[in-house]
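For the sequence shown, full-length UniProt numbering assigns the number 545 to the last residue and increments by one with no breaks.
Think of the CB as a built atom: it goes at the ideal place given N, C-alpha and C, for glycine as much as any other residue.
Keep in mind that this is a model prediction, so the values were computed, not measured.
See structure below.
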Amino acid sequence: MVRLARVEDRPTPQEVYNWKVYANAVIATWAAVYDSAFVGTSISLASFKDEFGLTTKSTSEFNFISANIVSMFQAGCFFGAFLGYLIGYFWGRKHGLLVSSAIFVVGAALQCAANSSTGLGIMYAGRIVVGLGIGIASNLAPIYVAEIAPPAIRGRLIGIYEFCWQFGGVIGFWINYGVTQHIPASHKQWLIAFAVQLIPGGLLFFGSFLLIESPRWLVSRDRNAAALANLARLRNLPSDHPYVAEEYAEIEAAIAHERSLAGAGFFGPLKTVFASRTLVYRLLLGSSLFLWQNATGINAVNYYSPTIFKSIGVTGTSTSLLTTGDQNLLFTMLIVKLIGALIWLLYMVDTFGRRGVLFIGSIGGAISMYYIAAYIAIAQPAEHPTTKLSPGGQSAIAFFYIWTVFYSPTWNGTPWVIGAEMFPQHVRTFTQACQAASNWFWGFIITRFTPQMFTAMGYGVYLFFASLMVLSVPFVYVTLPETKQIPLERMEELFEPGMKPWKAHAAVMARVHETRLQRKDGSPRSVSLEKDDETKREGSSRGHV
Numbered sequence: 001m002v003r004l005a006r007v008e009d010r011p012t013p014q015e016v017y018n019w020k021v022y023a024n025a026v027i028a029t030w031a032a033v034y035d036s037a038f039v040g041t042s043i044s045l046a047s048f049k050d051e052f053g054l055t056t057k058s059t060s061e062f063n064f065i066s067a068n069i070v071s072m073f074q075a076g077c078f079f080g081a082f083l084g085y086l087i088g089y090f091w092g093r094k095h096g097l098l099v100s101s102a103i104f105v106v107g108a109a110l111q112c113a114a115n116s117s118t119g120l121g122i123m124y125a126g127r128i129v130v131g132l133g134i135g136i137a138s139n140l141a142p143i144y145v146a147e148i149a150p151p152a153i154r155g156r157l158i159g160i161y162e163f164c165w166q167f168g169g170v171i172g173f174w175i176n177y178g179v180t181q182h183i184p185a186s187h188k189q190w191l192i193a194f195a196v197q198l199i200p201g202g203l204l205f206f207g208s209f210l211l212i213e214s215p216r217w218l219v220s221r222d223r224n225a226a227a228l229a230n231l232a233r234l235r236n237l238p239s240d241h242p243y244v245a246e247e248y249a250e251i252e253a254a255i256a257h258e259r260s261l262a263g264a265g266f267f268g269p270l271k272t273v274f275a276s277r278t279l280v281y282r283l284l285l286g287s288s289l290f291l292w293q294n295a296t297g298i299n300a301v302n303y304y305s306p307t308i309f310k311s312i313g314v315t316g317t318s319t320s321l322l323t324t325g326d327q328n329l330l331f332t333m334l335i336v337k338l339i340g341a342l343i344w345l346l347y348m349v350d351t352f353g354r355r356g357v358l359f360i361g362s363i364g365g366a367i368s369m370y371y372i373a374a375y376i377a378i379a380q381p382a383e384h385p386t387t388k389l390s391p392g393g394q395s396a397i398a399f400f401y402i403w404t405v406f407y408s409p410t411w412n413g414t415p416w417v418i419g420a421e422m423f424p425q426h427v428r429t430f431t432q433a434c435q436a437a438s439n440w441f442w443g444f445i446i447t448r449f450t451p452q453m454f455t456a457m458g459y460g461v462y463l464f465f466a467s468l469m470v471l472s473v474p475f476v477y478v479t480l481p482e483t484k485q486i487p488l489e490r491m492e493e494l495f496e497p498g499m500k501p502w503k504a505h506a507a508v509m510a511r512v513h514e515t516r517l518q519r520k521d522g523s524p525r526s527v528s529l530e531k532d533d534e535t536k537r538e539g540s541s542r543g544h545v
């Protein structure tokens, strides 16, 4: 059996890497499976259009309605991300995910209840409710996994969230393709496509009862005995084992430190962040990365793939679904085999650095989009539709795949990694909510206006996304310091006043190496240096910068 490499922070018993921690991580991150972009192809089904009288609408009217159906979900996710902070604080991670799945199931049921008699009103309501559920989960699931995971496999377990999202996308597209091939156009056809959402939502609902509540959250609620018992269960070791005792002591000490910084209460993290200029800057920087992530055009591709492939000259609903399914299948099946985009992302981030992978993704993605725009401008395939793609059209499809190759291991997950690294532990739950909300806000903007953009701009849409990717390169260069290999407790130093982002990594790493050498040599000066650093970091987190 092949074992993935682990870099341990301390000698760790093998019992710690047990099935329980993996099972809890899979259950929690399963939230990402439901809804995953299926709706973009579902509303393109002829049966859906007939049901709600969309076949008689003009192109602009249909674009407006489809944009509403898609973007209502993103709007719900935006508010759900903040609601997740409230629920997660008072009810915990386990019950928060239970509430998330219940809300999602209600929303999915509302969508299924829509028909020609009710009109699209109930569909819109269902989309918003579904978004609330997923927004809550997008906040709580990564936090829960981070809090229960052993350090050596934390990134791997959090990465399961991305795997589930991509896996859900593949399943959603192929379900739509399947109903078009095997079920005649009818109410039943589109209803099945929407009703499938109930399966992953229901699985998470029942699976949530099996989750082991986060020991860190339990300590924050002064339920220390339960926290120790849960930590022992997750580590598959007795509660008096030295490894469990040491980790539990660290959790208690961390919570006590957070409370000393006025960051453990519900409003504590908010006051701590907004009282510090450097933390506000980091929050704006981390949130802006999701603007640039959406500027790659990812949500346009996810939710309007039939429209996109039609612009290249691909005609027919089933053809669009098949092409989109191939795209997702090509890159997500690698994740299913444990050697795909998720592992590749983790490898690239640790090897080339956070800034490096973002540069690679932007440059490669921009070239791909520019090529597609040039092909459409020259060949004008929409004006010359054929049942078989020309060699030029095939090359344009190939560049969509190339774009995905560049996007998947770069902008897809790197903003989440950076956001988790940039902030102190005592404010990370709040900043996670803000960054998740930023992701959904910019997703809403893109999905709401993409159809109108295609109508008004044509191939200019591809030029628009390509140009934004080009602009992201200097933005990242001048604002974002490299965080690779920087210890979390030294992260504050990257954002010191006067520190140039493009030089910060080398400067801080030099300090880190100096401190380690002094500690190794046993120099008395190293102790005072560490105390000075701790004082400086504590002052920075309180806003004295």
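* Asked: Just the Cα atoms here: how many angstroms apart are Phe79 and Pro242?
  -> 42 Å
* Can the beta-carbon of Asn139 be found closer than 7 Å to that of Ala436? -> yes
* Asked: Can you tell which of Phe194, Gly119, Gly121, Asp222 has its C-alpha closest to the C-alpha of Ala256?
  -> Asp222
* To do: Assign Phe267 to one of two classes, buried (16 or more other C-beta atoms within 10 Å of its C-beta) or exposed (fewer than that).
  => exposed
* Asked: Can you tell me the Cα-Cα spacing of Gln32 and Gln518, whole angstroms?
  -> Checking the displayed sequence, the identity of residue 32 turns out to be Ala instead of Gln. Roughly 46 Å between the two C-alpha positions.
* From which residue to which residue does the alpha helix (DSSP H) around Thr296 run? -> Where Thr296 is concerned, there is no enclosing alpha helix (DSSP H), given that its DSSP letter is neither H nor E.
* Asked: For the alpha helix (DSSP H) that Arg428 lies in, which residues bound it at each end?
  -> 428-457
* Please state if the CB of Ser311 and the CB of Ala382 are separated by a distance shorter than 7 Å. => In contact: Ala382 and Ser311 (Cβ atoms closer than 7 Å).
* Asked: Can you list, in chain order, the stretches of the alpha helix (DSSP H) that have 4 or more residues and sit fully within the segment 68-119?
  -> Look at the segment 68-119 and you find no whole run of alpha helix (DSSP H) that is 4 residues long or longer.
* Asked: Does the segment 99-107 come within contact of the segment 122-137, defined as at least 3 CB pairs closer than 8 Å?
  -> Contact between the segment 99-107 and the segment 122-137 is present, because at least three Cβ pairs lie under 8 Å.
* According to DSSP, is Phe465 helix, strand or coil? -> helix
* Asked: Less than 7 Å separating the beta-carbons of Ala396 and Ile372?
  -> Their beta carbons are under 7 Å apart, which means Ala396 touches Ile372 by this criterion.
* Verify the contact flag: Phe48, CB atom, against every heavy atom of the ligand ATP, threshold strictly below 6 Å. => Only the bare structure without any ligand can be found here, which leaves the ligand ATP out of the picture.
* Neighbourhood of Tyr477 by C-beta, 7 Å cutoff - its chain only, sequence neighbours within 5 removed -> Contacts found: Trp502.
* Between Ile212 and Asn230, is the Cβ-Cβ spacing less than 7 Å? -> yes
* To do: Following the continuous alpha helix (DSSP H) through Ile134, name the residue where it begins and the one where it ends.
  => 121-148
* Indicate whether Phe73 and Trp190 have their beta-carbon atoms separated by less than 7 Å. => no
* Indicate the three-state DSSP secondary structure (helix, strand or coil) for Ile312 in the structure shown. => In the structure shown, Ile312 sits in a helix (DSSP, three-state: H, G or I).
* Which whole-angstrom value describes the C-beta separation of Gly207 and Ile143, a residue pair presumed to lie in contact below a C-beta threshold of 8 Å? -> Between Ile143 and Gly207 the Cβ distance is about 17 Å, and since that is not below 8 Å, they are no contact.
* Neighbour-count burial assignment, Pro184, 16 or more Cβ in a 10 Å radius -> exposed
* Taking C-beta to C-beta, are Gly419 and Gly286 nearer than 7 Å? -> yes
* Asked: Does the Cβ of Thr118 have 16 or more other Cβ atoms within 10 Å, making it buried, or fewer, making it exposed?
  -> exposed
* Residue of Ala225, Phe441, Val105, Lys484 minimising C-alpha distance to Cys77 -> Phe441
* DSSP state of Glu496, grouped into three classes? -> coil
* What is the rounded straight-line gap between the Cα of residue 546 and the Cα of Asn63? -> Any question about residue 546 goes unanswered here, given that the chain covers just 1 to 545.
* With DSSP collapsed to three states, give me the class of Val545. => Reliability of the predicted coordinates at Val545 is poor, the pLDDT of 31 falling under 50, and no value is obtained from them.
* Helix, strand or coil at His182 according to DSSP, with G and I counted as helix -> His182: helix per DSSP, three-state reduction.
* Delimiting residues of the alpha helix (DSSP H) encompassing Gly265 -> Unbroken run through Gly265: none, as it is neither H nor E.
* Asked: Looking at the structure shown, is Phe48 part of a helix, part of a strand, or coil, going by DSSP?
  -> helix
* By the 10 Å Cβ neighbour count, where 16 or more other Cβ atoms means buried, how is Arg511 classified, buried or exposed? -> exposed
* **Pair within 7 Å by beta-carbon distance, residue 548 and Thr479** => Residue numbering for the chain in the displayed model covers 1 to 545; residue 548 lies beyond these limits and cannot be assessed.
* **Assigned secondary structure, Val33 (DSSP; H/G/I helix, E/B strand, else coil)** => coil
* To do: Determine the direct distance from the alpha carbon of Ile360 to that of Trp292, and round the result to whole angstroms.
  => 14 Å
* Asked: Given Thr12, which residues of its chain have a CB within under 6 Å of its CB, disregarding the five upstream and five downstream residues?
  -> Counting only Cβ-Cβ distances below 6 Å, and skipping sequence neighbours, we find nothing.
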